[in-house]
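So that you can map any letter, position 399 of the sequence shown is 442 in this note's numbering, and since no number is skipped, the others follow by simple counting. To start, the structure under review is shown below, and the notes come after it.
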Amino acid sequence: MLTSNPEDSFFAGRMSRFAPSATTGMSHRAREMRQAGIDVIGLSSGEPDFETPAHIREAAKVAIDAGYTKNTNIDGMPELKEAVVRKFQRENGITYDPSQISVGTGAKQVIFNALLVTVDEGDEVIIPAPYWVSYPDMVNLAGGTPVVVPTRPDRGFVLDPEELERAITLRTKWLIINNPGNPSGAVWDSQSLRQIADVLLRHPHVWVLTDDIYEHLVYDNAVVTAFAAIAPELMDRVLTVNGLSKGYCMTGWRIGFAGGPKRLIDGMRKLQSQSTSNPNTVAQHAALAALDGPKDFMAPNRARFKARRDSVVERINAMPRLACRTPRGAFYAFADCSGAVGSKTTSGQRITTDMELCEYILNEHHVAMVPGSAFGTPDHFRLSYATSEDVLEKACDRIDAAMRALS
Ligand code: PLP
44 MLTSNPEDSF FAGRMSRFAP SATTGMSHRA REMRQAGIDV IGLSSGEPDF
94 ETPAHIREAA KVAIDAGYTK NTNIDGMPEL KEAVVRKFQR ENGITYDPSQ
144 ISVGTGAKQV IFNALLVTVD EGDEVIIPAP YWVSYPDMVN LAGGTPVVVP
194 TRPDRGFVLD PEELERAITL RTKWLIINNP GNPSGAVWDS QSLRQIADVL
244 LRHPHVWVLT DDIYEHLVYD NAVVTAFAAI APELMDRVLT VNGLSKGYCM
294 TGWRIGFAGG PKRLIDGMRK LQSQSTSNPN TVAQHAALAA LDGPKDFMAP
344 NRARFKARRD SVVERINAMP RLACRTPRGA FYAFADCSGA VGSKTTSGQR
394 ITTDMELCEY ILNEHHVAMV PGSAFGTPDH FRLSYATSED VLEKACDRID
444 AAMRALS
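See the structure below:
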């Protein structure tokens, strides 16, 4: 169809169904300001600042020199699938066959594949909020409808089974569980997961996608239990997603994986065969070393994250107009900033939303964070503490100054 503005018809209709990722958007703004010579502290992205452990980097170098530079099977080389099977058995108590494993270019691609091959126009996907920014947009892109169910801070941001039951319709295809949660840091205990499973037993058409990518980053003796281990009777409709980006400090290597019913895994492979093909071969060798290798680097990393969490949460709670619960997992503080809404900056601007607060803090005090609205939970902001102690201290000083300047 011709329109008066030729640009209107340039992009496909699906381009208007989703927004660019808010977290990458904030990081991009911070980078632009830095390029313009402004000293901006970026606390918006979700990457551990720690280096990938040496034995994993070494395995990649060995793989290159051994000539592992060709393509592999579309959804992962057999040795890596075997290692993923061992990981699920050893760490989660779930038994999968290698034919039930999919390896992709990050957990992001694995989730994208699963949604794109199963969600049709009009299908609904239940997403508890606050949610990882990409879930709703992936559902939108697939033509489905995200059904956002808010969770409450007083329930530790864990989904209420009664609210789940109310949200389920005949069109519900998936429930997405993110445990530990980004941005809330919520860790779902096994009793809460069991209550969710009991609801789903009554609705056999609803599948569960559980994204456990932060499973190794939990504090205060919190334990992550995989949904499929809690509810083995639902195994034939659960996709267990995980990856190496967070716990293994391997964001840029781009390896994620999932275990699930074979017919779903087959469908995901079919889609991947027409998009990216196999994930990077050298990175797959590094992933193999990561999954089968020593894990002694994890405890010190966790201890440093915990110390940062404690000091950041304490600092935020000492600032006017802010309140922050102590998250038990991941590496984010999710602060309630409702007390700042309605306040005024020194230049006379009234702050009416969490987005305006984050913009004010970025523009005038040079700290980049992500507004809670991007995660479906307004009146909050997310700050990543996956950055050095010095930088965090300086960032907290700036946020403190920003909050104290409001009247
Ligand atoms: N799931 C959640 C909850 C995340 O926070 C992220 C990254 O930020 C991902 C998945 C994507 O991870 P990957 O780097 O493996 O694509």
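Glycine included, every Cβ here is placed at the ideal spot set by N, Cα and C.
Are the Cβ atoms of residue 267 and residue 230 separated by less than 8 angstroms?
Here residue 267 refers to the residue found at position 224 when the sequence shown is read from its first residue. Here residue 230 refers to the residue found at position 187 when the sequence shown is read from its first residue. Result yes, Cβ atoms of residue 267 and residue 230 sit closer than 8 angstroms.
Taking the beta carbon of residue 62 as the centre, do at least 16 other beta carbons fall within 10 Å, making it buried, or is it exposed?
Looking up residue 62 in the sequence shown gives position 19. Classification of residue 62: exposed, given that the 10 Å Cβ count is below 16.
Would you check whether ligand 1 has a heavy atom nearer than 7 angstroms to the C-beta of residue 186?
Indexing the sequence shown from 1 puts residue 186 at position 143. Outside the cutoff, so no.
If you measure from the CB of residue 20, is any heavy atom of ligand 1 nearer than 7 angstroms?
Residue 20 lies beyond the residue range present for the chain, which begins at 44 and ends at 450; the question has no answer from this structure.
Helix, strand or coil for residue 87 per DSSP?
Sequence index remark: in the sequence shown, residue 87 carries index 44 (1-based). Coil at residue 87, not helix or strand.
Under three-state DSSP, which class holds residue 253?
Counting from 1 along the sequence shown, the entry for residue 253 is found at position 210. Of the three classes helix, strand and coil, the one that applies to residue 253 here is strand, per DSSP.
Just to confirm the assignment: which complete beta strand (DSSP E) runs, minimum length 3, are found wholly within the segment 187–233?
188–193, 215–221
Please state the DSSP three-state secondary structure of residue 314.
Here residue 314 refers to the residue found at position 271 when the sequence shown is read from its first residue. If DSSP states are grouped into helix, strand and coil, residue 314 belongs with the helices.
Thinking residue 285 and residue 172 are a contact (beta carbons under 8 angstroms), I'd like their distance in whole angstroms, please.
As a working note, residue 285 is residue 242 in the sequence shown. As a working note, residue 172 is residue 129 in the sequence shown. Not confirmed; about 22 angstroms, so no contact.
Taking 8 angstroms as the threshold (C-beta atoms), are residue 112 and residue 319 in contact?
As a first step, residue 319 is located in the sequence shown; it is residue number 276 there, counting from the start. As a first step, residue 112 is located in the sequence shown; it is residue number 69 there, counting from the start. For residue 319 and residue 112, no; Cβs fall outside 8 angstroms.
Whole-angstrom distance between residue 122 and residue 104, CA atom to CA atom:
Counting from 1 along the sequence shown, the entry for residue 104 is found at position 61. Counting from 1 along the sequence shown, the entry for residue 122 is found at position 79. Taking the straight line joining both Cα atoms gives about 18 angstroms.
Can you find the residues in the same chain that come closer than 6 angstroms, C-beta to C-beta, to residue 77, ignoring five residues on each side of it along the sequence?
In the sequence shown, counting from the first residue as 1, residue 77 sits at position 34. So the list reads 83, once near-sequence residues are dropped.
Can you give me the Cβ contacts of residue 297 inside the same chain, cut-off strictly under 7 angstroms, excluding the 5 residues immediately before and after it?
By 1-based counting over the sequence shown, the position of residue 297 is 254. Once the five neighbours on either side are set aside, the close Cβ partners of residue 297 are 148, 149, 322, 323, 326.
Measure the CB-CB distance between residue 142 and residue 312 and report whether it falls below 8 angstroms.
On the sequence shown, residue 142 is found 99 positions in, with the first residue counted as 1. On the sequence shown, residue 312 is found 269 positions in, with the first residue counted as 1. No; because the gap between Cβ atoms is not below 8 angstroms, this pair is not in contact.
With 16 as the cutoff for other CB atoms within 10 Å, does residue 255 come out buried or exposed?
Here residue 255 is taken as the residue at index 212 of the sequence shown, counted from 1. Buried.
For a quick check, are the C-beta atoms of residue 223 and residue 372 less than 8 angstroms apart?
Here residue 223 is taken as the residue at index 180 of the sequence shown, counted from 1. Here residue 372 is taken as the residue at index 329 of the sequence shown, counted from 1. In contact: residue 223 and residue 372 (Cβ atoms closer than 8 angstroms).
Do residue 300 and residue 220 have their C-beta atoms within less than 8 angstroms of each other?
What you label residue 300 is simply residue 257 of the sequence shown in a count that begins at 1. What you label residue 220 is simply residue 177 of the sequence shown in a count that begins at 1. No, the pair does not count as a contact, with Cβ atoms beyond the cut-off.
Tell me, which residues are paired with residue 378 by DSSP?
Here the question's residue 378 lines up with position 335 in the sequence shown. 367, 424.
Residues that residue 283 bridges to, as DSSP identifies them
Here residue 283 corresponds to residue number 240 of the sequence shown, with the count starting at 1. Paired residue(s): 253, 302.
Start and end residues, beta strand (DSSP E) containing residue 171
As a first step, residue 171 is located in the sequence shown; it is residue number 128 there, counting from the start. Element bounds for residue 171: 167–172.
Measure the C-alpha to C-alpha separation of residue 441 and residue 405 and round it to an integer number of angstroms.
Residue numbering aside, residue 441 sits at position 398 when the sequence shown is read from its first letter. Residue numbering aside, residue 405 sits at position 362 when the sequence shown is read from its first letter. Approximately 10 angstroms between the Cα atoms of the pair.
From the DSSP output, read off the bridge partner residues of residue 393.
Mapped onto the sequence shown, residue 393 falls at position 350. Paired residue(s): 387.
Own chain partners of residue 337 with C-beta closer than 7 angstroms, once the 5 adjacent residues on each side are dropped:
Start at 1 with the first residue of the sequence shown, and residue 337 comes out as number 294. Contacts found: 98.
Could you give the residue range of the alpha helix (DSSP H) that holds residue 356?
For this step, residue 356 is matched to residue 313 along the sequence shown. 341–360 is the extent of the alpha helix (DSSP H) around residue 356.
Can the beta-carbon of residue 281 be found closer than 8 angstroms to that of residue 216?
Taking the first residue of the sequence shown as 1, we reach residue 281 at position 238. Taking the first residue of the sequence shown as 1, we reach residue 216 at position 173. No.
Out of 102, 450, 80, 248, which has the shortest C-alpha to C-alpha gap to residue 213?
Locating residue 213 in the sequence shown gives position 170, where the first residue counts as 1. Ranking the options by Cα distance to residue 213, first place goes to 248.
Are there any heavy atoms of ligand 1 lying less than 7 angstroms away from the beta-carbon of residue 321, as far as the coordinates show?
The count along the sequence shown starts at 1 and reaches residue 321 at position 278. Because no heavy atom of ligand 1 lies under 7 angstroms away, the Cβ of residue 321 does not count as near it: no.
For residue 154, name the three-state secondary structure that DSSP assigns.
What you label residue 154 is simply residue 111 of the sequence shown in a count that begins at 1. Three-state result, residue 154: helix.
What's the gap between the Cα of residue 354 and the Cα of residue 443?
Sequence index remark: in the sequence shown, residue 354 carries index 311 (1-based). Sequence index remark: in the sequence shown, residue 443 carries index 400 (1-based). When rounded, the distance between both Cα atoms is 14 angstroms.
Lining residues of ligand 1 - beta-carbon closer than 6 angstroms to any non-hydrogen atom, in sequence order:
89, 149, 150, 151, 175, 221, 225, 254, 256, 286, 288, 294, 299
Buried versus exposed call for residue 244 [16 or more other C-beta atoms within 10 Å across all chains shown]:
Numbered from its first residue, the sequence shown carries residue 244 at position 201. Exposed, by the Cβ-count rule.
Return yes when the Cβ of residue 419 is within less than 8 angstroms of the Cβ of residue 174, no when it is not.
Position 131 of the sequence shown, counted from the first residue, corresponds to residue 174. Position 376 of the sequence shown, counted from the first residue, corresponds to residue 419. Contact: yes.
From residue 288 to residue 295, what distance separates their C-alpha atoms?
By one-based count along the sequence shown, residue 288 stands at place 245. By one-based count along the sequence shown, residue 295 stands at place 252. If I take the Cα positions, the gap works out to 7 angstroms.
Cβ separation of residue 170 and residue 189, assumed to be a contact under 8 angstroms, to the nearest whole Å:
Position 127 of the sequence shown, counted from the first residue, corresponds to residue 170. Position 146 of the sequence shown, counted from the first residue, corresponds to residue 189. That pair is a contact at about 5 angstroms.
Among residues of its own chain, excluding the 5 on either side of residue 102, which ones have a beta-carbon nearer than 6 angstroms to its beta-carbon?
Sequence index remark: in the sequence shown, residue 102 carries index 59 (1-based). Closer than 6 angstroms at Cβ, skipping near neighbours: 328, 329, 332.
Grouping DSSP H, G and I as helix and E and B as strand, with all else coil, what is residue 247?
The sequence position of residue 247 within the sequence shown is 204, counting from 1. Note: residue 247 maps to coil in three-state DSSP.
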